[in-house]
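Going line by line, the protein sequences match chains C and G. Mapped onto the numbering used here, the consecutive letters of the first sequence carry residue numbers 1 to 450. Mapped onto the numbering used here, the consecutive letters of the second sequence carry residue numbers 451 to 900. To start, the structure itself, in structure tokens.
There are 2 protein chains.
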Amino acid sequence: MYLQQLIDKLGKEKISQKEADLIRHSRDESIHAAVLPDVVCFIESREDVVEVLKIASDYQVPVTPFGAGSGLEGQAIPVQKGIVINFERMNKILNFSPEDMRITVQAGVTRLQLNKLVNDHGLMFSVDPGADAMIGGMVATNASGTTAVRYGAMRDQLLDLEVVLADGTIMHTGTLAKKSSSGYNLTGLFTGSEGTLGVITEITLKLHSIPEYSMMARCTFDSIELCARAAQTILQAGIPVLRMELIDASSISMINRHSGENFPVNHSLFFEFAGPRKSVEEEVTLASELMHKLGCENWTAANDEKKKDEIWKARKDLNYAIACQEGIEEIGGDVCVPISRMPEMVTYARNLMDKSGLNGAIWGHVGDGNFHTSIMYDPSVDGEFEIADKTNDDIVMYAIQAGGTCTGEHGVGLGKMKFQEAEHGAALEIMKRTKHMYDPNGILNPGKIF
Amino acid sequence: MYLQQLIDKLGKEKISQKEADLIRHSRDESIHAAVLPDVVCFIESREDVVEVLKIASDYQVPVTPFGAGSGLEGQAIPVQKGIVINFERMNKILNFSPEDMRITVQAGVTRLQLNKLVNDHGLMFSVDPGADAMIGGMVATNASGTTAVRYGAMRDQLLDLEVVLADGTIMHTGTLAKKSSSGYNLTGLFTGSEGTLGVITEITLKLHSIPEYSMMARCTFDSIELCARAAQTILQAGIPVLRMELIDASSISMINRHSGENFPVNHSLFFEFAGPRKSVEEEVTLASELMHKLGCENWTAANDEKKKDEIWKARKDLNYAIACQEGIEEIGGDVCVPISRMPEMVTYARNLMDKSGLNGAIWGHVGDGNFHTSIMYDPSVDGEFEIADKTNDDIVMYAIQAGGTCTGEHGVGLGKMKFQEAEHGAALEIMKRTKHMYDPNGILNPGKIF
């Protein structure tokens, strides 16, 4: 019945129940179980979204927004079936103001598509989560990535969102001004709300100038604790790194096996420095001194493109190395803790993974105190999943007790639901009431966060 | 009846109905009419706040939090009488972690008190609204000021808030980690909520390193439009000014009259540059070139403390010059627009004030697109208030139509209520529902924002 309504309002060519489409929209890049939606709507405008939500409200059908499908916590999986909204046809740049360093895009524009346009004007969109995610999805999960240490996460880039509410109302959460003290900050509230409060259709973003010069560097340390201390030292020295990434020895081994490389098998730090040439050169010199003072080995720095790529290659290869192990699945961690707790935290995680008897990798954005753990298990071996799951739980609870969060950048989705009470305490009840206020019928991405 | 309850729960020494106390808590620094509260509670802990809110909920008595009283939009005026919560005894630094560049304070700690402590560690709290406001009040209004162009507003400094809800529930909105994608962003929501959703009792803030070196500069232009273009030029050149302030010619005349100075009577830009010495010197050279290319006059720059003070003196004297005109009142503006609309916007405002026949001043934080207008009128002259009010309304509506906001940093309070519908449209209804969700009995700072 609601299907006919969708066809009547949107037109047949925007509605699909083809098996291939249903399968494609049944999962993301996480280990969470796929669930087929009943129908996929290839919307083309905010008005289409309004129609979908009105029909969904009338017939009480779940609606799950689906971006590039690159999420890591199952946010886009339609766990209660119903309608999936696909944004790939809603991919227009609407307004680009280089003089304001600002751009307004539809939710289906991807990160690389956006940068391709603005890079020509000496500007960049700073958030880099790795995947070529859609901007709408990046807002919905408050994505960040390697450059957040310098420019902040997705929430820090936003001026205004256009949102369609459950009843089809269209609203704007902000203005085009750089700051405002008017009314409640709904922009921040919708950022990271994972499609549970409304559907984001347009986004107005801040842009940054492309730094004129950059250098990359790499070094290794004998302990992961020292690695974390080294990252802390860089921050305390006030060196404004563009990127600062940790990869532990165990991950380096995996990369060598996977890519046939011969990177020194030790705990490694990767840096990118960017800015005016003179400043960058001074920063690299200072960083080198500080790292050597801490006992680093294998320090390498480069400014030409080829060598920079070589230095960064291990970091780039890591995701493939983990993903490509046949018959092996992983439980992914994404905790973020205060910088001062990093050394203790990564040591705890490393020891716990070693004790578990399973393969485990640690890497991440140490400049933010955000690091990832991957605990690998063979689902065909009895008990391995349970060990992996318990190990991950222990790491997350340790992070929360250290004043940190269960998710620095991937979001809650399905995988981090169980930690919400421990992390948010009394605020969780307020979050549930907020959800109910925006979505009294529970049609907006139900089964997520709570 | 509720009075006796307050005395029983808090103790007599925390409750005052002395006339002097009632008067002191009846107004802020705005022109909005004073209203005496029924009672002032000098709370000393979060538990005291819990007791006050429980009693206020039981007896349906309005509760208005009162900080330093330095607000400019009447947020702290108890317009529906009832209880005022005074925070001056809740002024402890609770946790200072220099290695995390982070501090947790009670809401009654003031900006200067905080900086006095952290400055000794080479750190600073960046937000500078001029007044020695309390941190709780600064969160409640999302305050900013002269340094927001570089470090952002209050909202950008926050990691966690402790909030007491209307029913006395204590909750935390965030964590100590630098970023999080877990749950809804309640920290952002409470920032700028002006005591209408809950009472903020503790705040965890980010700190910044004190720049090693700074220089100040000043120059003048023949038109206010050129002044705004000059500010835009500085930003587009990527010069990371610490402060960049505009003062129009009319304001400079007032300052000269008030302070007996002899500043060149023209539209003026004031700069502060800060960072590593070499970078600062390069920035000043570049800024000087760019300003001269645009036709500036009276360029002066200095690095020694005495000369820096001289350069900045006009900016500092401005507030006194406006406030000290006997028999004159002012309607204050605080719009913020996209940078590209600044030249047109300040020109429009200047022309409108000139046409009104009233004295008017323009100054502000042009690096953010945020500027203040002061339209001065004699309340004893029939019709002057109406002209001032209409002129202010026209300026604000022009800013909103330019994609801007009615308040860049002072907040809504009483003075900007009438612009909420024009600025927020459909979102205003959501804001009202949010208010109702948090405060079903309407006891939290009633009569503000909506």
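Idealized CB from N, CA, C, for every residue including glycine.
For residue i, would you say it is in contact with chain G, using Cβ-to-Cβ distances shorter than 9 Å as the test?
| i | result |
| --- | --- |
| L414/C | no |
| G369/C | yes |
| P37/C | no |
| A177/C | yes |
| N142/C | yes |
| A76/C | no |
| C406/C | yes |
| L6/C | no |
| Y438/C | yes |
| H372/C | no |
| A230/C | no |
Measuring straight from C-alpha to C-alpha, what distance separates residue i and residue j?
| i | j | result |
| --- | --- | --- |
| K390/C | E384/C | 10 Å |
| Y601/G | T300/C | 33 Å |
| M216/C | M134/C | 27 Å |
| G777/G | P829/G | 8 Å |
| A752/G | K758/G | 6 Å |
| D617/G | M887/G | 12 Å |
| V335/C | T625/G | 12 Å |
| E474/C | A228/C | Outside the shown range of chain C (1 to 450) lies residue 474/C, about which nothing can therefore be said. |
| A274/C | D304/C | 13 Å |
| M867/G | V84/C | 39 Å |
| Q4/C | S340/C | 57 Å |
| K178/C | G819/G | 7 Å |
| D843/G | L290/C | 57 Å |
| K9/C | N262/C | 58 Å |
| Y848/G | M171/C | 21 Å |
| Q530/G | S480/G | 17 Å |
| G333/C | H372/C | 5 Å |
| E272/C | I311/C | 10 Å |
| L636/G | A76/C | 23 Å |
| K432/C | I443/C | 14 Å |
Grouping DSSP H, G and I as helix and E and B as strand, with all else coil, what is residue i?
| i | result |
| --- | --- |
| Y377/C | strand |
| H25/C | coil |
| Q80/C | coil |
| C677/G | helix |
| F869/G | helix |
| H410/C | coil |
| T654/G | strand |
| H365/C | strand |
| A321/C | helix |
| V577/G | coil |
| A752/G | strand |
| L106/C | A quick correction: the sequence has Gln, not Leu, at residue 106/C. Looking at Q106/C - three-state DSSP - the assignment turns out to be strand. |
For residue i, which residues in chain C fall below 9 Å Cβ to Cβ?
| i | result |
| --- | --- |
| L639/G | Y184, N185, L186, G188, L189, T434 |
| C677/G | Ordered by position in chain C, no residue passes the 9 Å Cβ test against C677/G, which lies about 16 Å from the chain. |
Return no unless some Cβ of chain C is closer than 9 Å to the Cβ of residue i.
| i | result |
| --- | --- |
| N706/G | no |
| M580/G | It is Gly, not Met, that sits at residue 580/G in the sequence shown. By this cut-off, G580/G is not an interface position. |
| D550/G | yes |
| E739/G | no |
| K728/G | yes |
| A557/G | no |
| A409/G | In this structure chain G extends from 451 to 900, so residue 409/G is not present and cannot be described. |
| E501/G | no |
Against residue i, what residues of chain G qualify as contacts under a CB-to-CB distance less than 7 Å, listed in chain order?
| i | result |
| --- | --- |
| I430/C | M621, L636 |
Which residues of chain G have a Cβ atom closer than 8 Å to the Cβ of residue i, listed in chain order?
| i | result |
| --- | --- |
| M215/C | None at all; the shortest Cβ gap to chain G is about 17 Å. |
| G425/C | M621, H622 |
| G82/C | Neighbours of G82/C on chain G: none; closest Cβ ~23 Å, over 8 Å. |
Along chain C, in chain order, which residues have C-beta atoms closer than 7 Å to that of residue i?
| i | result |
| --- | --- |
| H482/G | Within 7 Å Cβ-Cβ: nothing; H482/G doesn't reach chain C, min ~16 Å. |
| H571/G | In chain order: nothing, as chain C lies at least about 11 Å away. |
Check the Cβ of residue i against every Cβ in chain C and list those closer than 8 Å, keeping chain order.
| i | result |
| --- | --- |
| Q870/G | S182, G183 |
| E859/G | K179, S181 |
Would you mind telling me which residues of chain A sit closer than 9 Å to residue i, beta carbon to beta carbon, in chain order?
| i | result |
| --- | --- |
| A148/C | The chain inventory of the structure shown lacks chain A, comprising the protein chains C and G. |
### Query
When Cβ atoms are compared, which residues of the stretch 603-622 of chain G fall closer than 8 Å to chain C?
A603, R605, D606, L615, T619, I620, M621, H622
### Message
Output needed in chain order: residues of the stretch 335-347 of chain C with a Cβ under 9 Å from some Cβ in chain G.
### Response
V335, C336, V337, P338, I339, S340, R341
### Task
Name, going along the chain, the residues of the stretch 233-247 of chain C whose beta-carbon falls closer than 7 Å to a beta-carbon of chain G.
Q236, G238
#### Entry: Residues from the stretch 509-524 of chain G in contact with chain C, defined by Cβ distance under 7 Å
none
### Task
Identify each residue in the stretch 293-322 of chain C for which the Cβ-Cβ distance to at least one residue of chain G is less than 8 Å, and report them in chain order.
none
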